[in-house]
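Chains as they are written, first to last, in the numbering used here: chain A, 28 to 440; chain B, 59 to 262.
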């Protein structure tokens, strides 16, 4: 029998080739993902050390999942209190994200006939912002306030770039303002708080900050305007304890599919429903209380970020499906039906949506600021969650506050 | 062999050459005066230019111009207010080194204060011969305090259809010398670096 295939494609006659190729591609795509999944499982079952060991074991991760390795390690080390090492990982992640600004033609072309999994994971817009959120927290916890300010500026740049997707990340925005305020950059702090006041359901949570910074900048009209939004009982103290409270787990990305005959499959990622409710946070002894809390449900922001990318995903998915259909029909025209069926099966199976994501992130981040007088303090935090059904008390390390000093501490539960 | 197969083989050979060439390691020595700039960000050659300018200004203006008693300075560092992680202590180290090399000023070693105190305690701990011990309360107080702020402004071209993106970066270093006794700023100067760079949006 004379083959209708051109010389360069005669290998397509070998029926086993398709499955071999498919298996090679699938194995290469899932190699590093297995380690990531295992590490995430260890982390969420309360074994961050084991999770870290899994990520550090074996070869260096391939380029496709390199970003996820940095991100997951960054959070695990943060959780373990290794802020310096966490910072090193997250800064590598930030540099990698910057390098993704250049679109790789070879990568994009390859992904058009295979799967989005073939491309380097570049992070959702929200994840690109949270790299800087964690870096800000790390630098503040290390007492390196200049470093925190650098990250605040980079986070602002991310917010400016994707405003619609990231507006609801009140935690990060309040953290940015705090980094400015911490170094007496009143004007920048004021501007961030002012925008935050516009975007929050009401300006009350940031009114005290606006009044304070506007007062220092001599903006009498702004002071008057926001004074009326001040909470009735505002805690006072010349020093401050700042808590970064993380709880829950960020929703995972799932695979959504739409099928059309004979073998057309539109696949897209989406975040599973559900969120992490805001925990109740009280300071013990009860004579101390916090300023109004600013909190972000990370799942909500992640969904907004994915939605902001929706148009791009649809366009690329359509082009990929069309390209695959052309390939399948071309093989069918030049071979028998069995060859076309094999190619269709291979391309159908390859059509997997990219469900990679930064999975060690918490479901919610809350900024808790407790004004305190200078001196020695032994405090506890009372946390209520799951609809007040669960209560937990965490002992904070003893703190010695100087006049005007701000001390930072991270909690994850 | 038909044209199609030939094309595939040629493409494969091209790839092979590209990857082999891309993987080869090259190194070269770079002189400290040589200006090497890869992008719009802060580079070591900027530090050198800024430090040289600042030292020149400090020595050629009041109060150090007329000082004959080798005044004592203390460096309180340069605050980094840019959007990059820049080691500003490297700048102050270089400024201090260049000023010291002129023998016209002296510096208090602020960073080693804790170690000096520890060493002093050790010497008075009973293990060191009394005649070789340093004398306590003989440290010299600084007359002037050297401080500064490094700032940056970054402007990026707006997002639109094009193949390259331009970025404009402006750095300014403001430094001041404060008389610790009077609290007066006796000297202040600034140095600026403005740079534009363009990066491609598309790569292989």
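All C-beta atoms, glycine included, are put in the ideal place defined by N, C-alpha and C.
task = Reducing DSSP to helix, strand and coil, say where residue 433 of chain A ends up.
result = What you label residue 433 of chain A is simply residue 406 of the first chain in a count that begins at 1. Reduced to three states, the DSSP call for residue 433 of chain A is strand.
ask   = residue 205 of chain B touches chain D at which residues, Cβ-Cβ below 7 Å?
value = The question asks about chain D, but that chain is absent: this structure's protein chains are A and B.
ask   = Nearest chain A C-beta to residue 257 of chain B closer than 8 Å, yes or no?
value = Within the second chain, numbered from 1, the residue matching residue 257 of chain B stands at position 199. Taking Cβ atoms only, chain A reaches closer than 8 Å to residue 257 of chain B, which makes this a yes.
query = Can you round the beta-carbon distance between residue 129 of chain A and residue 261 of chain B to whole angstroms, since I take them to be within the 8 Å contact cut?
reply = Numbered from its first residue, the first chain carries residue 129 of chain A at position 102. Numbered from its first residue, the second chain carries residue 261 of chain B at position 203. Residue 129 of chain A to residue 261 of chain B, Cβ: 4 Å. Contact.
request  = Examine chain B for any beta-carbon lying closer than 8 Å to the beta-carbon of residue 181 of chain A, and answer yes or no.
outcome  = The residue you call residue 181 of chain A lines up with position 154 of the first chain. So, interface residue.
Secondary structure, beta strand (DSSP E): runs of 3+ residues fully inside the region 355-400 of chain A = 391-399
query = Which two residues bound the contiguous alpha helix (DSSP H) that contains residue 95 of chain A?
reply = Taking the first residue of the first chain as 1, we reach residue 95 of chain A at position 68. Residues 93-106.
message = Distance cutoff 8 Å, beta carbons only. Does residue 358 of chain A sit that close to anything in chain B?
response = Along the first chain, one-based indexing puts residue 358 of chain A at 331. So no, residue 358 of chain A is outside the interface.
Burial state of residue 80 of chain B, where buried means 16 or more other Cβ atoms lie within 10 Å = Start at 1 with the first residue of the second chain, and residue 80 of chain B comes out as number 22. Note that residue 80 of chain B scores 49 on pLDDT, short of 50, meaning its location in the model is unreliable; the coordinates nonetheless yield the value given after this. By the neighbour-count rule (16 or more Cβ atoms within 10 Å), residue 80 of chain B is not buried but exposed.
query = What did DSSP end up calling residue 71 of chain A once you bin it into helix, strand or coil?
reply = Here the question's residue 71 of chain A lines up with position 44 in the first chain. Helix.
request  = Taking residue 238 of chain A as part of the alpha helix (DSSP H), name the residues at either end of that continuous run.
outcome  = Residue 238 of chain A sits at position 211 when you count from the first residue of the first chain. Taken as a continuous stretch (DSSP letters only), the alpha helix (DSSP H) holding residue 238 of chain A covers 231-243.
query = To the nearest angstrom, how far is it from the Cα of residue 204 of chain B to the Cα of residue 204 of chain A?
reply = Counting from one through the second chain, the residue named residue 204 of chain B turns up at place 146. Counting from one through the first chain, the residue named residue 204 of chain A turns up at place 177. Rounded to whole angstroms, residue 204 of chain B to residue 204 of chain A spans 28 Å at the Cα level.
Pair within 8 Å by beta-carbon distance, residue 297 of chain A and residue 326 of chain A = Counting from one through the first chain, the residue named residue 297 of chain A turns up at place 270. Counting from one through the first chain, the residue named residue 326 of chain A turns up at place 299. No. Outside cutoff.
request  = Compare the beta carbon distance of residue 231 of chain B and residue 249 of chain B with 8 Å and say whether it is the shorter of the two.
outcome  = As a first step, residue 231 of chain B must be located in the second chain, where it is residue number 173. As a first step, residue 249 of chain B must be located in the second chain, where it is residue number 191. Yes, the Cβ-Cβ distance between residue 231 of chain B and residue 249 of chain B is below 8 Å.
inquiry  = Using 8 Å for Cβ pairs, my map puts residue 202 of chain A next to residue 160 of chain A. What's the rounded Cβ distance?
reply    = Walking along the first chain from the start, residue 202 of chain A turns up at place 175. Walking along the first chain from the start, residue 160 of chain A turns up at place 133. So it is a contact: roughly 6 Å between Cβ atoms.
query = From residue 328 of chain A to residue 123 of chain A, what does the alpha carbon distance come to, in whole angstroms?
reply = Working through the first chain from its first residue, we reach residue 328 of chain A at position 301. Working through the first chain from its first residue, we reach residue 123 of chain A at position 96. Near 22 Å, if we compare the C-alpha coordinates of residue 123 of chain A and residue 328 of chain A.
request  = Measure the CB-CB distance between residue 196 of chain A and residue 207 of chain A and report whether it falls below 8 Å.
outcome  = Start at 1 with the first residue of the first chain, and residue 196 of chain A comes out as number 169. Start at 1 with the first residue of the first chain, and residue 207 of chain A comes out as number 180. Taking 8 Å as the Cβ cut-off, residue 196 of chain A and residue 207 of chain A do not qualify as a contacting pair.
ask   = Hey, residue 147 of chain A and residue 94 of chain A are a contact pair by Cβ (cut 8 Å); roughly how many whole angstroms apart?
value = One-based indexing of the first chain puts residue 147 of chain A at position 120. One-based indexing of the first chain puts residue 94 of chain A at position 67. Contact flag correct, Cβ pair sits at about 7 Å.
task = Kindly confirm or deny that the region 405-412 of chain A and the region 243-256 of chain A touch, where touching means at least three C-beta pairs closer than 8 Å.
result = In the pairwise beta carbon analysis, the region 405-412 of chain A is classified as not touching the region 243-256 of chain A: fewer than three pairs are separated by under 8 Å.
query = Would you call the CB atoms of residue 259 of chain B and residue 213 of chain B closer than 8 Å?
reply = In the second chain, counting from the first residue as 1, residue 259 of chain B sits at position 201. In the second chain, counting from the first residue as 1, residue 213 of chain B sits at position 155. Not closer than 8 Å, so no.
request  = Please classify residue 430 of chain A: is it buried, with 16 or more other beta-carbons within 10 angstroms of its beta-carbon, or exposed?
outcome  = Reading the first chain from its first residue, position 403 is the one you call residue 430 of chain A. Exposed, by the Cβ-count rule.
query = Within 10 angstroms of its Cβ, does residue 54 of chain A collect 16 or more other Cβ (buried), or is it exposed?
reply = Counted from its first residue, the first chain places residue 54 of chain A at position 27. For residue 54 of chain A, the predicted structure reports a pLDDT of 48, less than 50, and the residue's modelled location is therefore unreliable. A value from the coordinates is still provided. Exposed, since its Cβ has fewer than 16 Cβ neighbours within 10 Å.
query = Are the region 339-354 of chain A and the region 371-387 of chain A in contact at 8 Å, needing three or more beta carbon pairs?
reply = yes
ask   = Between the beta-carbon of residue 149 of chain B and the beta-carbon of residue 109 of chain B, is there less than 8 Å?
value = Position 91 of the second chain, counting from 1, holds the residue named residue 149 of chain B. Position 51 of the second chain, counting from 1, holds the residue named residue 109 of chain B. In this structure, residue 149 of chain B sits near residue 109 of chain B, with a CB-CB distance shorter than 8 Å.
ask   = Does the Cβ-Cβ distance between residue 198 of chain A and residue 290 of chain A come in under 8 Å?
value = To locate residue 198 of chain A, count along the first chain from 1; it is residue 171. To locate residue 290 of chain A, count along the first chain from 1; it is residue 263. For residue 198 of chain A and residue 290 of chain A, no; Cβs fall outside 8 Å.
Whether residue 99 of chain A touches residue 67 of chain A by CB criterion (8 Å) = Within the first chain, residue 99 of chain A is the residue found at index 72, counting from 1. Within the first chain, residue 67 of chain A is the residue found at index 40, counting from 1. In this structure, residue 67 of chain A lies closer than 8 Å to residue 99 of chain A by Cβ.
query = Any heavy atom of the ligand FMN closer than 7 Å to the CB of residue 144 of chain A?
reply = As presented, the structure is devoid of all ligands, the ligand FMN included, so that no description of it is given.
task = Measure the CB-CB distance between residue 140 of chain B and residue 229 of chain B and report whether it falls below 8 Å.
result = Taking the first residue of the second chain as 1, we reach residue 140 of chain B at position 82. Taking the first residue of the second chain as 1, we reach residue 229 of chain B at position 171. Result yes, Cβ atoms of residue 140 of chain B and residue 229 of chain B sit closer than 8 Å.
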